[in-house]
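If you read the sequences in order, they're chains A and B. First residue of the first sequence: 1, per my numbering; consecutive thereafter. First residue of the second sequence: 111, per my numbering; consecutive thereafter. Glycine residues also receive a C-beta, built at the ideal position from the N, C-alpha and C atoms.
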Amino acid sequence: EDKVVQSPLSLVVHEGDTVTLNCSYEVTNFRSLLWYKQEKKAPTFLFMLTSSGIEKKSGRLSSILDKKELFSILNITATQTGDSAIYLCATNSGYSTLTFGKGTMLLVSP
Amino acid sequence: NAGVTQTPKFQVLKTGQSMTLQCAQDMNHNSMYWYRQDPGMGLRLIYYSASEGTTDKGEVPNGYNVSRLNKREFSLRLESAAPSQTSVYFCASSEVRGQGGPEAFFGQGTRLTVV
């Protein structure tokens, strides 16, 4: 059974801090790892990672995958209150389904 | 562009009642999914449909049925609702992205309470 574990489960930081969210996985036939941001309702896609060591970047957010150690990190620099959300990590081990972790709830205080 | 549309947004049911959650996507995606999200549990797959005409069980299928009506629509039915089915339900759709697997697009969710 595929397993995705995220840490920490929750985190409170001050605006301007840098945060690192972790995602480890045990997946047969790994194809990709995805990060989503969930604010009030639907998760929205952030990144998809398929290769080790290649950083994906979008503004203040970046992510990298380590396929040898089976983990990924999501970094957010200069955090803003609008970054407050649940961040979900998911893996894909076939063509059709995703396995999600429980998420990290991030609260950025002003 | 509407993306993935779910109805209803909220629903309260009595134990034993039945209902159908509707989902439609306008992105011409082949694959569609139903997830449930409970506090501290992340998103768990109930059923999915890899293509029109096929459906498969996910991690937590008991108590649910699905119908892939056509390429656009994928419905989830609760035949006899139970309090354990109180949850937020998300429909999603995807198309395979290269060799990396599906990037799923989610609907806005249905908050279901069974009393």
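Strictly by DSSP, which residues pair up with residue 117 (chain A)?
Outside the shown range of chain A, which is 1 to 110, sits residue 117 (chain A), and nothing can be said about it.
Ignore the nearest five residues each way along the sequence and tell me which others in residue 214 (chain B)'s own chain have a CB closer than 6 Å to its CB.
202 and 204
Tell me residue 14 (chain A)'s beta-bridge partners as DSSP assigns them.
A:109
At a Cβ threshold of 8 Å, is residue 214 (chain B) touching chain A?
Yes - at least one Cβ of chain A is within 8 Å of the one on residue 214 (chain B).
Under 9 Å between beta-carbons, which chain A residues line up against residue 157 (chain B)? List them in chain order, please.
Those within 9 Å of residue 157 (chain B) in chain A number zero; the least Cβ separation is about 10 Å.
Taking one C-beta from the segment 41-54 of chain A and one from the segment 129-137 of chain B each time, how about it: are there three or more such pairs within less than 8 Å?
no
Quick one: which residues of the segment 3-22 of chain A get their C-beta closer than 9 Å to a C-beta of chain B? List them in chain order.
4, 6 and 9
For residue 177 (chain B), which of helix, strand or coil comes out of DSSP?
strand
Can you check which of these residues, A:77, A:101 and A:59, is closest to residue 5 (chain A) by C-alpha distance?
Taking only the C-alpha atoms, the option nearest residue 5 (chain A) is A:101.
Could you check which residue in B:188, B:212 and B:182 has the C-alpha nearest to that of residue 224 (chain B)?
Here the closest residue by C-alpha is B:188.
Could you list which residues in chain A have their beta carbon closer than 8 Å to that of residue 88 (chain B), in chain order?
Outside the displayed range of chain B (111 to 225) lies residue 88 (chain B), so it cannot be described from this structure.
Could you give the DSSP three-state label for residue 127 (chain B): helix, strand or coil?
coil
By DSSP, does residue 118 (chain B) sit in helix, in strand, or in coil?
coil
Closest to residue 174 (chain B) by C-alpha separation, out of B:151, B:160, B:162 and B:144, would be which residue?
B:144
Taking C-beta pairs closer than 8 Å, name the residues in chain B that residue 114 (chain A) reaches, listed in chain order.
In the structure displayed, chain A extends from 1 to 110; residue 114 (chain A) sits before or after that span and is not available.
What does DSSP give as the partner residue(s) for residue 81 (chain A) in the beta ladder?
The partner list for residue 81 (chain A) (beta bridge, DSSP) is empty, contrary to what the question assumes.
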